[in-house]
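Written out below as structure tokens is the structure these notes cover.
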Amino acid sequence: MDGVPPGRAPLGDLAIRGPQEVYGAYAIVAWNASAAPGAQQCSDLLNSNPGQQQVDVQVGDMACFTTEGGRTGYLIVTGTPDPDHLTIEATVWSGA
């Protein structure tokens, strides 16, 4: 997600790893507040929870993640069309 336009990273920044589980190759942590996080909030959350690489999700769940290039992002799960697929919206901040 570091390129413009965003594309695949060699290891993949995010992946589906089972029913309703998102894998973050570099780091991913669930965001449990009701409002979407900002860049600093995600950065703080990731720094206080090092080493986590998977989260279980449902529609509406949010998570902060780190990209291959070291950028910070967040995602919200917008749909689960079937057990092997999720739809998400993601934001990646530059230099966050």
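Counted from 1, the sequence shown has number 69 at position 69 by full-length UniProt numbering; the numbering is strictly sequential. Don't be surprised by glycine CBs; every beta carbon is placed ideally from N, CA and C.
{"query": "Q40 - containing alpha helix (DSSP H), residue span", "result": "39-48"}
{"query": "Closest residue to I88 among V57, T67, N49, G69 (Cα-Cα distance)", "result": "V57"}
{"query": "CB contact below 8 Å: G73 versus chain C", "result": "Given the protein chain composition of this structure (a single chain), no chain C is represented."}
{"query": "Bridge partners - residue 165, DSSP secondary structure assignment", "result": "Absent from the structure is residue 165, since the part of the chain shown begins at 1 and ends at 96."}
{"query": "Where T66 sits in the DSSP three-state scheme", "result": "strand"}
{"query": "Alpha-carbon spacing of Q54 relative to S94, whole angstroms", "result": "23 Å"}
{"query": "Backbone CA spacing between A15 and Q40 [nearest angstrom]", "result": "24 Å"}
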